[in-house]
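Working notes, beginning with the structure itself.
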Amino acid sequence: DEAAAAIAPGVTTDELDRICHEASVDRECYPSPLNYYNFPKSCCTSVNEVICHGIPDMRPLQNGDICNVDVTVYHRGFHGDLNETIFCGDVPEKARNLVINTWECLEKAIEMVKPGTKYRDVGNVIQKHAAAGGYSVVRSYCGHGIHKLFHCAPNVPHYAKNKAVGVMKPGHCFTIEPMINEGVWGDQTWPDNWTSVTQDGKLSAQFEQTMIVTDTGVDVLTARPGK
């Protein structure tokens, strides 16, 4: 929320990282990405064609950008992971439509989380909705188990006809975090070994929540209070 409130034309993603780091420390949290496999910052900022794992830097955000901020904090022995794609200034309708479709993909996926649902079925719902908007689903990155570890089983792919193993049971805790592309689904990684971008340079959007399966359905742990 603190980083999202700061997004505006002229603000650097380095500044978003500083805000995110200080907000984490103020709340007695450690920013999980910092020094994770040598990741140099406290959050990921993925702008426009960046799919995920963008490293905050000195580039000022521009009017019309879409900027994803991915925050994970470690608090009292557990990790919590979420991200949102945020509009910077006046964003063109085609970019807005992509971001809205991506949010809807996550919402539709969360609706099916309950005991007995197969992890491999999540991708069918996401890809169907993304394809209906003319978009593609990134295949290289998945949702993941999360608790005392940052990333662990299960794997939760976001594309259809995947081979994910396992069935949801009460107590399972994991993320769903669809990355939806305006063009082709293929990705490539920059020489920094982190930043993943679309192969065709077109836009990509993402939303993520951490959730736990309950006896009757799902509790979204990273949802905003009262919403």
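According to my numbering, the residues represented by the sequence shown are 5 to 231, in order. All residues carry an ideal CB built from backbone N, CA and C; glycine is no exception. For clarity, every value in this text was computed on a predicted model and none was experimentally measured.
Run through DSSP, which three-state label would residue i get?
{"i": "Gly127", "result": "helix"}
{"i": "Asn166", "result": "coil"}
{"i": "Tyr145", "result": "coil"}
{"i": "Cys177", "result": "strand"}
{"i": "Ala157", "result": "strand"}
{"i": "Ser46", "result": "coil"}
{"i": "His57", "result": "coil"}
{"i": "Asn105", "result": "helix"}
{"i": "Lys118", "result": "coil"}
{"i": "Ala227", "result": "coil"}
{"i": "Glu97", "result": "helix"}
{"i": "Ile23", "result": "helix"}
{"i": "Val217", "result": "strand"}
{"i": "Glu212", "result": "strand"}
{"i": "Val29", "result": "helix"}
{"i": "Glu111", "result": "helix"}
{"i": "Thr17", "result": "helix"}
{"i": "Glu245", "result": "With the chain covering only 5 through 231, there is no way to say anything about residue 245."}
Taking the alpha-carbon positions, what's the residue i to residue j distance?
{"i": "Tyr34", "j": "Ser208", "result": "28 Å"}
{"i": "Cys109", "j": "Glu26", "result": "31 Å"}
{"i": "Gly138", "j": "Lys206", "result": "13 Å"}
{"i": "His57", "j": "Thr199", "result": "5 Å"}
{"i": "Ala168", "j": "Lys122", "result": "8 Å"}
{"i": "Ile59", "j": "Gly147", "result": "20 Å"}
{"i": "Ile150", "j": "Ile184", "result": "22 Å"}
{"i": "His176", "j": "Thr214", "result": "11 Å"}
{"i": "Gln192", "j": "Thr202", "result": "6 Å"}
{"i": "Ala135", "j": "Thr49", "result": "25 Å"}
{"i": "Ala9", "j": "Val29", "result": "18 Å"}
{"i": "Asp125", "j": "Gly81", "result": "31 Å"}
{"i": "Tyr145", "j": "Met62", "result": "26 Å"}
{"i": "Phe4", "j": "Val117", "result": "A query on residue 4 cannot be resolved here, the shown segment of the chain reaching from 5 to 231 and no further."}
{"i": "Leu153", "j": "Arg228", "result": "23 Å"}
{"i": "Ile55", "j": "Tyr40", "result": "19 Å"}
{"i": "Gly170", "j": "His162", "result": "15 Å"}
{"i": "Asn197", "j": "Lys132", "result": "31 Å"}
{"i": "Lys112", "j": "Thr106", "result": "10 Å"}
{"i": "Tyr78", "j": "Cys47", "result": "12 Å"}
{"i": "Thr90", "j": "Pro158", "result": "Before going further, note that residue 90 is Ile rather than Thr in the sequence given. Distance between the alpha carbons of Ile90 and Pro158: 28 Å."}
{"i": "Asp21", "j": "Gly120", "result": "39 Å"}
{"i": "Ile11", "j": "Val160", "result": "30 Å"}
In its own chain, which residues sit with a C-beta less than 7 Å from the C-beta of residue i, not counting the 5 before and 5 after it?
{"i": "Asp69", "result": "Val51, Asn52, Cys92"}
{"i": "Pro64", "result": "Gly14, Val15, Thr16"}
{"i": "Lys173", "result": "Pro119, Val217"}
Looking at the strands, I want to know which residues DSSP matches up with residue i.
{"i": "Pro35", "result": "Val77"}
{"i": "His83", "result": "Tyr78"}
{"i": "Met62", "result": "Per DSSP, none; premise fails for Met62."}
{"i": "Ile11", "result": "Partner(s): none; Ile11 has no beta bridge."}
Excluding the five sequence neighbours on either side, which residues of its own chain have a C-beta within less than 8 Å of the C-beta of residue i, listed in chain order?
{"i": "Pro96", "result": "Gly68"}
{"i": "Cys156", "result": "His148, Gly149, Ile150"}
Looking only at its own chain, which residues have a Cβ that is under 6 Å from the Cβ of residue i, when we skip the five neighbours before and after it?
{"i": "Glu212", "result": "Leu86, Asn87, Thr179, Glu181"}
{"i": "Asn128", "result": "Ala164"}
{"i": "Cys221", "result": "At residue 221 the sequence reads Gly, which differs from the Cys that was named. Same-chain partners within the cutoff: Lys118."}
Closer than 7 Å to a non-hydrogen atom of the ligand SAH - does that hold for the CB of residue i?
{"i": "Lys165", "result": "With respect to small molecules bound, the structure shown includes none, and the ligand SAH cannot be examined in it."}
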